[in-house]
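Numbering (the working numbering), first residue to last: 543 to 972. Every residue, glycine too, gets a C-beta built ideally from N, C-alpha and C. The structure under discussion appears below in the form of structure tokens.
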Ligand SMILES: [Zn+2]
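Here it is in structure tokens:
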């Protein structure tokens, strides 16, 4: 299998080099997903689940897109379909096809991009360079209430930038981490839209939201991975730091935080796995930089929200275990319900489920949300998984950016109002 893969790579490189004489190399080198399919597979027993997940460990032909407590979503290469069908038969599980050709969705996204105007906006997905240039503009237009900051540099040496929005001193602090997973483009699109609303909206509720909190927003944390998704592989998830023990590149940064790191099977020690936790906690410059920055402002921070996609969920700690729940679990659920109810009341009627991360999904250790809760005393901490529920998955068409962002805005208004009611927005240290 490995030899075959190596030959395929050599063949791919050889053909790309020949073709590059006649075609633009950056287009030719992009990873393609022609006829790759995404299946939703329901399982009832732990054995069924294990058989299916084993496919992703052994074969590069299967990639896990999402896993719930009773189902998983797998992307399957065309040549692996017979093995996939055989595995389904043996494990007596049923599958439904959600996406019949992943490349079609990527092509449609590119077409929407070329049709949209050059101006920064939310009718297409923006590159890191465009987001950086837009941040500079925003900082210049609103110099009194904004402050740009750099939390550190990525493995490839890029600045990891953020923006603080503060209308007055003494406000409770809200931190938003976004695009830690490279392919989840809807997260930075939503974060930038939110920044724009906080600064420019004239709606009373939004003005109150903006002016009664101090906002710390990092629109793209995994900058190297994000650039890689734009230039090479739309479906890249991890960081881009090479491994000392494997040819596989990158770490799942949302398994790399130093809180119950690698406990309870909540991450993988295999560098080729999509949930590889890294050689040690905070091995990635991106997570280390974020943690140092958050630790430096922890006495000002009341709320942590990590933006992800997809599956429309609000996930509270704990991720590392479902055998215990946090001491303020009931409050966390009450606040999550407020978010979910408000989003559902919008005309889109979008449903968000909520629960603890390990309870509603599966153990995931070393996440931002758990780390902020356990190690930084941020007692309202969530991972939000945005749209959709699988028809587009990570390749959510740009037409959904604004509806998704509107949902995030009203959801966060309710989340903060409910947190305030429960006493979580008081100054933490006096
Ligand atoms: Zn994610």
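One or two residues paired with residue i in a DSSP bridge
i	result
residue 812	Residue 812 is not bridged to any residue.
residue 757	707 and 716
residue 618	579 and 604
residue 752	Residue 752 pairs with nothing; no bridge assigned.
residue 895	855
residue 775	Looking at the DSSP assignment, residue 775 forms no beta bridge with any residue, so it has no partner.
residue 636	584
residue 695	701
residue 928	851
residue 874	None, per the DSSP bridge assignment.
residue 843	715
residue 690	705
residue 641	580
residue 944	The partner list for residue 944 (beta bridge, DSSP) is empty, contrary to what the question assumes.
residue 955	According to DSSP, which records beta bridges pairwise, residue 955 is partnered with nothing at all.
residue 791	784
Supposed contact pair residue j and residue i - C-beta distance, whole angstroms, cut 8 Å
i	j	result
residue 732	residue 946	6 Å
residue 793	residue 826	5 Å
residue 936	residue 851	7 Å
residue 846	residue 717	5 Å
residue 874	residue 927	About 16 Å; that fails the 8 Å criterion.
residue 757	residue 707	4 Å
residue 896	residue 907	With a Cβ gap of about 20 Å, residue 896 and residue 907 do not count as contacting.
residue 697	residue 800	Between residue 800 and residue 697 the Cβ distance is about 18 Å, and since that is not below 8 Å, they are no contact.
residue 858	residue 924	6 Å
residue 654	residue 666	6 Å
residue 848	residue 771	Their Cβ separation, rounded to whole angstroms, is 18 Å, which puts residue 848 and residue 771 out of contact at 8 Å.
residue 844	residue 953	Rounded, the Cβ-Cβ distance is 17 Å, inconsistent with contact.
residue 967	residue 751	At roughly 12 Å, the Cβ-Cβ gap does not stay under 8 Å, so residue 967 and residue 751 are not in contact.
residue 578	residue 620	7 Å
residue 736	residue 950	6 Å
residue 637	residue 582	7 Å
residue 918	residue 840	5 Å
Residue i - DSSP class collapsed to helix/strand/coil
i	result
residue 969	coil
residue 566	In this prediction, residue 566 scores a pLDDT of 47, lower than 50, which makes its location untrustworthy; no coordinate-derived value is stated.
residue 884	helix
residue 664	coil
residue 746	helix
residue 850	strand
residue 910	helix
residue 684	coil
residue 922	strand
residue 556	With a pLDDT of only 37 at residue 556, under 50, the local geometry of the prediction cannot be trusted, and the value read off the model is given with reservation. DSSP places residue 556 in helix when its eight states are reduced to three.
residue 820	coil
residue 1032	What is shown of the chain runs 543 to 972, which leaves residue 1032 out entirely.
residue 609	strand
residue 722	coil
residue 624	helix
residue 573	coil
residue 867	coil
residue 938	coil
residue 917	helix
residue 904	coil
residue 889	coil
residue 525	The structure shown does not extend to residue 525, since the chain spans only 543 to 972, so no value can be given for it.
residue 762	coil
residue 735	helix
residue 964	coil
residue 833	helix
residue 651	helix
residue 770	helix
residue 658	coil
residue 804	coil
Contact test: residue i Cβ vs ligand 3 heavy atom, cutoff 7 Å
i	result
residue 946	By its list of ligands, the structure shown excludes ligand 3, since it contains just ligand 1.
Cβ of residue i within 8 Å of any chain C Cβ
i	result
residue 728	Chain labels in this structure do not include chain C; a single protein chain is all it has.
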